[in-house]
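Since the structure comes first, as structure tokens, the remarks are kept for the end.
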Amino acid sequence: MNRRQVIASFVSCAVALAAVGASGPRAASAQANVVNVYSARHYGALEKVFAEFERETGIRVRLSNASSQALLERLRAEGKATPADLFFVIDAGTLQLAAEEGLLQPVDSQVLRTVIPPELRDPQNRWFALTQRVRTIVYNSNKVKPSELSTYEALADRKWRGRLCMRPATHIYTISLVAGLIANLGEKRAEQVVRGWVANRPTFIDSDSRILENIAAGKCDVAITNHYYVGNALKKDPNFPVKVFWANQNAQGAHVNISGAGVTANALNRENAIKLLEWLATRGQDPGEAGLAGGNNEFPVNPSAQPTEIIKGFGPFKADLAALSKYGPLQAQAIKLLERAGYK
Ligand SMILES: [Fe+2]
Numbered sequence: 000m001n002r003r004q005v006i007a008s009f010v011s012c013a014v015a016l017a018a019v020g021a022s023g024p025r026a027a028s029a030q031a032n033v034v035n036v037y038s039a040r041h042y043g044a045l046e047k048v049f050a051e052f053e054r055e056t057g058i059r060v061r062l063s064n065a066s067s068q069a070l071l072e073r074l075r076a077e078g079k080a081t082p083a084d085l086f087f088v089i090d091a092g093t094l095q096l097a098a099e100e101g102l103l104q105p106v107d108s109q110v111l112r113t114v115i116p117p118e119l120r121d122p123q124n125r126w127f128a129l130t131q132r133v134r135t136i137v138y139n140s141n142k143v144k145p146s147e148l149s150t151y152e153a154l155a156d157r158k159w160r161g162r163l164c165m166r167p168a169t170h171i172y173t174i175s176l177v178a179g180l181i182a183n184l185g186e187k188r189a190e191q192v193v194r195g196w197v198a199n200r201p202t203f204i205d206s207d208s209r210i211l212e213n214i215a216a217g218k219c220d221v222a223i224t225n226h227y228y229v230g231n232a233l234k235k236d237p238n239f240p241v242k243v244f245w246a247n248q249n250a251q252g253a254h255v256n257i258s259g260a261g262v263t264a265n266a267l268n269r270e271n272a273i274k275l276l277e278w279l280a281t282r283g284q285d286p287g288e289a290g291l292a293g294g295n296n297e298f299p300v301n302p303s304a305q306p307t308e309i310i311k312g313f314g315p316f317k318a319d320l321a322a323l324s325k326y327g328p329l330q331a332q333a334i335k336l337l338e339r340a341g342y343k
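When we follow numbering that gives the first Met the number 0, the leftmost residue of the sequence shown carries the number 0, and every step to the right adds one.
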């Protein structure tokens, strides 16, 4: 392509975009049999659960994927003009911020109130948890004994120098983990802990599955990851040499986060969005491959649903559900703390 052709094609692109703008992407979003979902779930382009919903209801799920933070930014920027009907992210804090900023609307649903326990939904019904995930300690079972492990705080001990793998500060999993530490320990003590982790010179890897591969390969001994990555690795290889250790069991319990969703304030396909929410909280809780939790080895929110056999095998544990409502209010403080502590 020569320069003139490049310019011509750029102009025709701009014209095409302007044409979409004129009729409005929002107008195109309102269709009887569609639900537009902004989704931060990153476990396959179209998880089986959405395909199952489409098959059962005839409502097409249009997914737009990005990180929780990027989707919140998009909702903020688009305001009333957003094409999104359902905001589905993988962090309780992000859902709370969206709700507080007026980007989500209350949903008065008997189904959702019945099947989702109160601590896993917004008291004002603007968002609902659909799966639970536990961010906990994982270790190479050939190199570390479980008796050497106890708390997130104890990973600041000098004995772990050069042996840790950690997720970077930019990821929402890290931010909410630190928000949880602040909620439980206070800011001063939480900062000491994070500084201790940094002093242990961790290897920063921006993927929980790659962290696990590194542990399995002997490149680090201990890390903090979401439990389901171990479940998914064990599904592929039952001899995968990384084990889950439930952290902080003699204190508040292990750090829990959720994937969950809320209907956007100006959803054009509001009824379809509510149908999808209710479906995910009921039929979507099946422990099998086609379940939202089951397909990814997460814990269901619906107490009548069973977790997969693989994660049942991790044993019973105490979960810190009390901190969940504080990830939103403490998010900005956690980001600043990570930066101050020199956490990469
Ligand atoms: Fe994840």
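Ideal Cβ positions, reconstructed from N, Cα and C, are used throughout, including at glycine.
If you reduce the DSSP assignment to three classes, tell me which class residue i lands in.
| i | result |
| --- | --- |
| Asp319 | strand |
| Lys343 | coil |
| Leu291 | coil |
| Asn238 | coil |
| Tyr42 | coil |
| Pro131 | For clarity, residue 131 is Gln in the given sequence; the question names Pro instead. It is a strand residue. |
| Ser208 | helix |
| Ile334 | helix |
| Phe244 | strand |
| Arg61 | strand |
| Phe49 | helix |
| Asn231 | helix |
| Thr263 | strand |
| Tyr138 | strand |
| Leu364 | Residue 364 is absent from the structure shown; the chain starts at 0 and stops at 343. |
| His226 | helix |
| Ala189 | helix |
| Ser175 | helix |
| Ser324 | helix |
| Val88 | strand |
Quick one: what's got a C-beta closer than 7 Å to residue i's C-beta in the same chain, skipping five residues either side?
| i | result |
| --- | --- |
| Arg200 | Arg160 and Gly161 |
| Asp207 | Arg166, Thr224, Asn225 and Tyr228 |
| Gly243 | First, the residue type needs correcting, since residue 243 is Val and not Gly in the sequence shown. Excluding residues within five positions, the ones whose Cβ falls inside 7 Å are Thr135, Val137, His226, Val229 and Phe313. |
| Ala222 | Val137, Leu163, Cys164, Met165, Ile210 and Ile214 |
If you drop the 5 nearest sequence neighbours on each side, which residues of the same chain put their C-beta closer than 8 Å to that of residue i?
| i | result |
| --- | --- |
| Val48 | Leu279, Gly283, Ala289, Gly290, Leu291 and Gly294 |
| Lys218 | Cys164 and Thr202 |
| Ala168 | Ile174, Ile334, Leu337, Glu338, Tyr342 and Lys343 |
| Val106 | Asn124, Arg125, Phe127, Gly261, Val262, Ile273 and Leu276 |
Can residue i be considered in contact with ligand 2, in the sense that its beta carbon sits closer than 7 Å to one or more heavy atoms?
| i | result |
| --- | --- |
| Asn238 | With respect to small molecules bound, the structure shown includes ligand 1 and not ligand 2. |
With hydrogens ignored, establish whether the beta-carbon of residue i is closer than 7 Å to any heavy atom of ligand 1.
| i | result |
| --- | --- |
| Asp90 | no |
| Asn268 | no |
| Asp121 | no |
| His170 | no |
| Asp207 | yes |
| Asn225 | yes |
| His41 | yes |
Can the beta-carbon of residue i be found less than 8 Å from the beta-carbon of residue j?
| i | j | result |
| --- | --- | --- |
| Glu277 | Ser108 | yes |
| Asn35 | Ala83 | yes |
| Thr202 | Leu74 | no |
| Pro306 | Pro286 | yes |
| Gln95 | Val255 | no |
| Leu336 | Ile171 | no |
| Gly261 | Phe86 | yes |
| Ala246 | Thr135 | yes |
| Ala39 | Ile89 | yes |
| Pro233 | Ile334 | The question names Pro, yet the displayed sequence has Leu at residue 233. Result no, Cβ atoms of Leu233 and Ile334 do not sit closer than 8 Å. |
| Glu118 | Leu323 | yes |
| Tyr342 | Val193 | yes |
| Ile58 | Lys274 | yes |
| Asn249 | Lys79 | no |
| Leu70 | Tyr42 | no |
| Val133 | Ala340 | no |
Leaving out five residues on either side along the sequence, give the residues of the same chain with a beta carbon under 6 Å from the beta carbon of residue i.
| i | result |
| --- | --- |
| Asn141 | Pro240 |
| Arg166 | Tyr172 and Thr173 |
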